[in-house]
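Presented below is the structure to which this report refers.
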Amino acid sequence: MTDYVFPPSPQPVVPVKGTAGVFPVRRIWCVGQNYAAHAREMGSNPERSEPFFFSKPGDAVVPQGGLLPFPVSTSDLHHEVELVAAIGRPGHDITEEEALSHIYGYAV
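The numbers in the sequence shown follow our numbering, run straight up by one, and end at 119.
Here is the structure:
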C-alpha cells in the first residue's frame with residue numbers, strides 16, 4: 012500500500028444509462044473552434060482560425076445534479092453541453108475503418 016501524504020481524489024466516473032455500471036473518466040480531449048456561432052460569441056473569427064485541441068482533467072466532469080463551485084466575484088461563467096465519444100479500448104495509429112470499433116458509446 013502507498014503511504015499518501017494526503018488522500019488521493021477518487022476516480023471520476025459517470026453512470027452508464029440502462030445499467031448499474033459506471034464508466035471511468037481518465038482523460039478528456041476537446042476540440043475548440045469547431046462550432047462557428049459559439050466561436051463568434053467568444054470573440055473569434057472561425058473563418059480565419061483553425062479548430063484546436065486541448066485537454067481537461069477527468070474531475071472536470073460535473074455529475075447530474077452536482078454543484079459547480081466558483082469564486083463569488085465571477086461575473087462571466089460559461090457552461091457548455093458537450094457531445095462525448097467514450098473510447099472503450101486502447102489503440103494507436105487506428106485506421107478510419109477501425110475507429111468506430113474503439114468507441115464504447117456516446118453521451119451528452
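Ideal Cβ positions, reconstructed from N, Cα and C, are used throughout, including at glycine. Only a predicted model underlies this, so the values are computations on that prediction, with no experimental measurement involved.
Hey, how far is the Cα of residue i from the Cα of residue j?
i: residue 87; j: residue 55; result: 17 Å
i: residue 94; j: residue 73; result: 14 Å
i: residue 47; j: residue 12; result: 49 Å
i: residue 116; j: residue 34; result: 10 Å
i: residue 105; j: residue 45; result: 22 Å
Check each candidate in the options and name the one with the smallest Cα separation from residue i.
i: residue 101; options: 95, 94 and 109; result: 109
i: residue 42; options: 58, 65 and 50; result: 65
i: residue 96; options: 119, 106 and 103; result: 119
i: residue 77; options: 49, 23, 48 and 18; result: 23
i: residue 98; options: 15, 114 and 81; result: 114
Look up residue i in the DSSP assignment and say whether it is helix, strand or coil.
i: residue 77; result: coil
i: residue 69; result: helix
i: residue 100; result: coil
i: residue 110; result: helix
i: residue 31; result: coil
i: residue 37; result: coil
Open item on the list: Three or more C-beta pairs under 8 Å: does that hold for the stretch 68 to 87 against the stretch 26 to 46?
Closed with: yes
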